[in-house]
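Have a look at the structure below, then the notes.
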Amino acid sequence: MLSLLHIAVILPFAAGILLALLHRLFSKIHLGWLVLLVPASLFVYFASLISAVSQRNPVSGQIPWIPSLDIGFNLYLDGLSLLLTLLISGIGVLVVFYSIFYMSKTEALNRFYLYLLMFMGAMLGVVLSDNMIVLYAFWELTSITSFLLIAFHYKRKASTSGAQKSFLITVFGGFAMLAGFMLMYLMTGTFSIRATITEWGQIQESSLFLPALVLILIGAFTKSAQFPFHIWLPDAMEAPTPVSAYLHSATMVKAGIYVVARFTPIFGGQGLWFWLVTGVGLLTLCYGSFLAVKKNDLKAILAYSTISQLGLIMSLLGIGSAALYFGYGESSAMYTVAITAALLHLFNHGTFKAALFMVAGIVDHETGTRDIRKLGGLAAFMPITFSLALIGSLAMAGIPPFNGFLSKELFFQAMVQITDLRIFGMGSWSILLPVVAWLASVFTLIYALIFVFKTFLGRSRSELPAEKLHEAPAGLLIPPIILGVLVIGFGLFPDLLSGSLIEPAMAAVLPSLLNGNERFDVHFSLWHGWTPELFMTIGVVALGVILYKLLPRWRNIYEHYPQGLTINNIYHVVLDNVQHYARKWTEAYMNGSVRNYLVYILSFTVALLVYAFFRTGEHINWNVQENAPFSLYEVVLLVTLIGAAVSIPFAKNRLSAVIMTGAVGFLVTLLFVLFRAPDLALTQMIVETVSVALFLLCFYHLPELQRGKSSRRYLTVNMIVAISVGVVMTFVALAASGTVSLDSISGYFLQEAYNSAGGKNVVNVLLVDFRGYDTLLEIMVLGVASLSIYSMINLNLEAKDLGARLKFRKEEKTDEEPDLDDDEDNTKKYGNSERSSLSWDTVPLQSNDVLLKTTTKVVVFIILTFAMHLFFAGHHNPGGGFIGGLVTAAALILLALAFSTDTIRKALPIDFRSMTAIGLGIALLTGAGSFLFGVPFLTQTFGYFELPLLGETELATAMLFDLGVFLAVLGVTMTIILQIGEDR
136 MLSLLHIAVI LPFAAGILLA LLHRLFSKIH LGWLVLLVPA SLFVYFASLI
186 SAVSQRNPVS GQIPWIPSLD IGFNLYLDGL SLLLTLLISG IGVLVVFYSI
236 FYMSKTEALN RFYLYLLMFM GAMLGVVLSD NMIVLYAFWE LTSITSFLLI
286 AFHYKRKAST SGAQKSFLIT VFGGFAMLAG FMLMYLMTGT FSIRATITEW
336 GQIQESSLFL PALVLILIGA FTKSAQFPFH IWLPDAMEAP TPVSAYLHSA
386 TMVKAGIYVV ARFTPIFGGQ GLWFWLVTGV GLLTLCYGSF LAVKKNDLKA
436 ILAYSTISQL GLIMSLLGIG SAALYFGYGE SSAMYTVAIT AALLHLFNHG
486 TFKAALFMVA GIVDHETGTR DIRKLGGLAA FMPITFSLAL IGSLAMAGIP
536 PFNGFLSKEL FFQAMVQITD LRIFGMGSWS ILLPVVAWLA SVFTLIYALI
586 FVFKTFLGRS RSELPAEKLH EAPAGLLIPP IILGVLVIGF GLFPDLLSGS
636 LIEPAMAAVL PSLLNGNERF DVHFSLWHGW TPELFMTIGV VALGVILYKL
686 LPRWRNIYEH YPQGLTINNI YHVVLDNVQH YARKWTEAYM NGSVRNYLVY
736 ILSFTVALLV YAFFRTGEHI NWNVQENAPF SLYEVVLLVT LIGAAVSIPF
786 AKNRLSAVIM TGAVGFLVTL LFVLFRAPDL ALTQMIVETV SVALFLLCFY
836 HLPELQRGKS SRRYLTVNMI VAISVGVVMT FVALAASGTV SLDSISGYFL
886 QEAYNSAGGK NVVNVLLVDF RGYDTLLEIM VLGVASLSIY SMINLNLEAK
936 DLGARLKFRK EEKTDEEPDL DDDEDNTKKY GNSERSSLSW DTVPLQSNDV
986 LLKTTTKVVV FIILTFAMHL FFAGHHNPGG GFIGGLVTAA ALILLALAFS
1036 TDTIRKALPI DFRSMTAIGL GIALLTGAGS FLFGVPFLTQ TFGYFELPLL
1086 GETELATAML FDLGVFLAVL GVTMTIILQI GEDR
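In the numbering used here, the protein residues as written are 136 to 1119.
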């Protein structure tokens, strides 16, 4: 059944789509005020679950999706998920509030908030999913929505380039993680994360265990910007500041951290896991902190600091996984400190880093720049912003009394304790780990000081006059002030988090270290004596301040590193070469010849089928004795069909070719009639009718067919390919009819069509119920195809229509006729801004036949009535939404051919693209509606009801799905026909 957890995940998506559709109704207010309700309500809901989760009462919800493959929309909220959901929703509230004052109402706010809410929902889906496939789906959705958010200012090349880099790297990691999930399924037979955790002892000896480990880590490393996949994060700073504050402090970059923590109970205790997670984390920590000092852009400094801080958390998860090697007992307790530090810093980093991103946005908003070389002295004009920057920076550097100090001290403690570890090949040289961590912390302090002092202290280097510099408005200050209060509050009163959030999260990461109702001993204090980690902090401060003071003397060391060896440069070189050689390879065979394309496709198909015959030849039964005898009608039809097909290549003009092609299709329709397949016959007939009309419209744009002499080689290749296809497909048909390796499933469909789906028309029941998912994907493909055709036709490409319409271009221009600019606006009065057609002088696409016009006025209504009959009767008799939509489209096409497309637009002022979207939406909502009743996606039901006038009537949910199919098919067909047949 649909649970509150499911509603929490779905809510951002529903709200985003609703606001995108209805945003014009709220033009007088900033859309952010409405959006604010979504994360606020989510935060309140998740906060209300803190008590239950901390008492070991996790919340869950299950909705079966594809039970046969163990795929379900199953959600599970434990301590780890709760920690992340509070960050996602809580920081989300502050970011949305901040964006209200940061984003102008003149920007595309409906698009911005749609992407932001979809990203929020996707992140909630990632951290709540108990099913690996569902987790992966949400994982890739975060990549897609982050791409859209980063490229929000899509006219800037830097924005689109950064979005592309982010997308390529994170999606690549997502594919690797999916492969890891598949390997996990092969080992366990389940996609459930909780079920897999219970079987970890049985799968560790599998040969697939280590490959799965590596693949899942690749996915986590790419999303959390770990070395060498970190390069996407700095370029992602081209996103608007609210996006950076959200994605790169508390959400997207934490997704990889979450996956590592979630799968630690499975892979923890393995040497490979320990070294990969710890090593990559420490390398990222050092690399990020070292490069952050080099940067001059405030957001770039924060980007590399985020990379560094993520490496810190990752290394802690790696070190803490050693506890699982020792298992339940005292020997593992000392290594659990690392997990405690990781989870605490996960939370702390979200607070101070979001505040710092907002401070950077405020500085940019008020001064027009983020370059520290053009800033300085802002503390006198922006004292509140300066205070917030100081609090956030010192917390990031791990200075007391801020919350970052607590997790940094635990980090040092874990690094000191790891020197005693004598497993996984650790020896006396393990002393290097705390040394490396300490040096990285020194650079952390340096870039924290750079962020504050270079921006707010010293002399002003701003290009703005002093009288124009002022403090930011309250709306921009309130969110970072709240975060600053949390930074100080959790620093002074750290134990507020220990029992409520951190300990339950630890129990989720290290479940095998607890027995029964045991709990981890988690307590934080600001002062815990003169410990080695405290002296390490003092050393960090001392050396960091000295190096900051001497920064001008040693900062030039960055200039000695060869730029050609940077990861960024390697990425661009590889990408450029891939694109170059891909273009060369594509140009080698994509030469514009449809004939060549067919040769490639058919030759590959023939080769593949021949190979399949050789591999499985001994299992094929060529029994043709039991085939039914041919009737006279079938023989006549086949001979006529072959004659029509053979005549097509010899046609003298395109019209003859179209007519013969249509004849082939209609003869196939008659074969379906003879074989008693009325649904197929109806569909084939209407598809053929629409196809013929489409061919005619396309050929209207093409020059007259001209036949020249073809070379012998050209004709020989054609003949070989044609004969090969015919022979191979004949053998395929004979093999298929003669070989029966499995029991036929048709008997099941015949028996259950009415019992399970309430329909007597088995074909329609298959389309809308048993195989409804196939139909859904098919109409999605049709929708994409129609939008592609629409886009190609309406692009202002340099190439003009070179076809038959050229005959109607004016060959001469008089002095009175001005030259027409191709770029002049030619917006039609029906609402769609089409490409300029003034470079063409065309004849109207309509018939002048009076008889056709007169007949059409009557026939159209007959066809539409028949279409409605097909739609409503299709569940029990031949018909259905697909054929009903095609017949309706055929009626409108007839109207367009008789009276022109303008007549259609005037009589039906409908945006058929929107109709396609509505149809897809209805089909999707019908499928998702089954979740409300706790049954798999697209499960249909039916019942009998007493209706006025109609009496007892069967009503089926399949009709709603069929309505979606009807609208989608009609919308797709008319979008294509009207665009190709437009009078331009």
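Built from N, CA and C at the ideal position, the CB exists for glycine as well.
CB-CB under 7 Å to residue i, same chain, minus the five flanking residues each way: which ones, in chain order?
i: Ile201; result: Pro1071
i: Leu184; result: Val194, Leu212 and Leu217
i: Ser379; result: Met372, Lys434 and Phe492
i: Leu902; result: Thr910, Gly1015 and Phe1017
i: Ala298; result: Phe282, Ile285 and Ala286
Give the secondary structure of residue i by DSSP, where H, G and I count as helix, E and B as strand, and everything else as coil.
i: Asn899; result: helix
i: Ile206; result: strand
i: Ser264; result: strand
i: Tyr289; result: coil
i: Ile84; result: What the structure shows of the chain is the stretch from 136 to 1119, and residue 84 is not part of that stretch, so it cannot be assessed.
i: Leu217; result: helix
i: Ser327; result: strand
i: Asp1037; result: helix
i: Gly664; result: coil
i: Asp656; result: coil
i: Val1100; result: helix
i: Glu951; result: With a pLDDT of only 45 at Glu951, under the threshold of 50, the placement of this residue in the model should not be trusted; the figure read from the coordinates follows. Residue state, collapsed to three classes: coil.
i: Asp1046; result: coil
i: Asp711; result: helix
i: Trp757; result: coil
i: Leu1105; result: helix
i: Lys684; result: helix
Give every residue of the same chain whose Cβ lies closer than 6 Å to the Cβ of residue i, excluding the five residues on either side of it in the sequence, and list them in chain order.
i: Ala272; result: none
i: Gly1099; result: Gly1054, Ile1057 and Ala1058
i: Gly679; result: Val577, Leu580 and Ile581
i: Leu284; result: Tyr250, Ala374 and Val378
i: Val900; result: Ala888, Ala892 and Gly894
Please classify residue i: is it buried, with 16 or more other beta-carbons within 10 angstroms of its beta-carbon, or exposed?
i: Pro174; result: buried
i: Met927; result: exposed
i: Lys935; result: Note that Lys935 scores a pLDDT of 44, beneath 50, so its modelled location is shaky; the value from the coordinates is reported in the next line. The residue in question, Lys935, is exposed, as its Cβ has fewer than 16 Cβ neighbours within 10 Å.
i: Phe785; result: exposed
i: Leu850; result: exposed
i: Asn192; result: exposed
i: Gly651; result: exposed
i: Leu767; result: exposed
i: Lys300; result: buried
i: Ile497; result: buried
i: Thr305; result: buried
i: Met1165; result: The question about residue 1165 has no answer, for the chain in this structure spans 136 to 1119.
i: Lys488; result: buried
i: Asp984; result: exposed
i: Met1128; result: Any answer about residue 1128 is impossible in this case: the structure gives the chain only from 136 up to 1119.
For residue i, list the residues DSSP reports as bridge partners.
i: Phe1077; result: Ala1091
i: Val194; result: Leu212
i: Leu1082; result: Gly1086
i: Asp909; result: Bridge partners of Asp909: none, in fact.
i: Asp432; result: Asp506
Grab me the residues of residue i's own chain with a C-beta within less than 8 Å of its C-beta, minus the 5 sequence neighbours each way, in chain order.
i: Ile152; result: Leu249
Determine contact between the stretch 876–890 and the stretch 1017–1025, defined as no fewer than three beta-carbon pairs at a distance below 8 Å.
no
Would you call the stretch 387–394 in contact with the stretch 328–348, where contact means no fewer than 3 C-beta pairs closer than 8 Å?
no
Below 8 Å, how does it come out for the stretch 556–573 and the stretch 473–493: are there three or more Cβ pairs, yes or no?
no
With three or more beta-carbon pairs closer than 8 Å as the criterion, would you say the stretch 498–505 touches the stretch 411–418?
no
If we count Cβ pairs, one from each stretch, closer than 8 Å, do we get three or more for the stretch 538–557 versus the stretch 469–476?
yes
Answer yes if the stretch 452–468 comes into contact with the stretch 581–596, meaning at least three C-beta pairs across the two stretches below 8 Å, and no otherwise.
no
Touch check for the stretch 423–434 and the stretch 527–539: three-plus C-beta pairs under 8 Å?
no
How about the stretch 773–780 and the stretch 729–736: do they share at least three Cβ pairs that are nearer than 8 Å?
no
Any chance the stretch 798–806 sits against the stretch 816–823, with 3 or more Cβ pairs inside 8 Å?
yes
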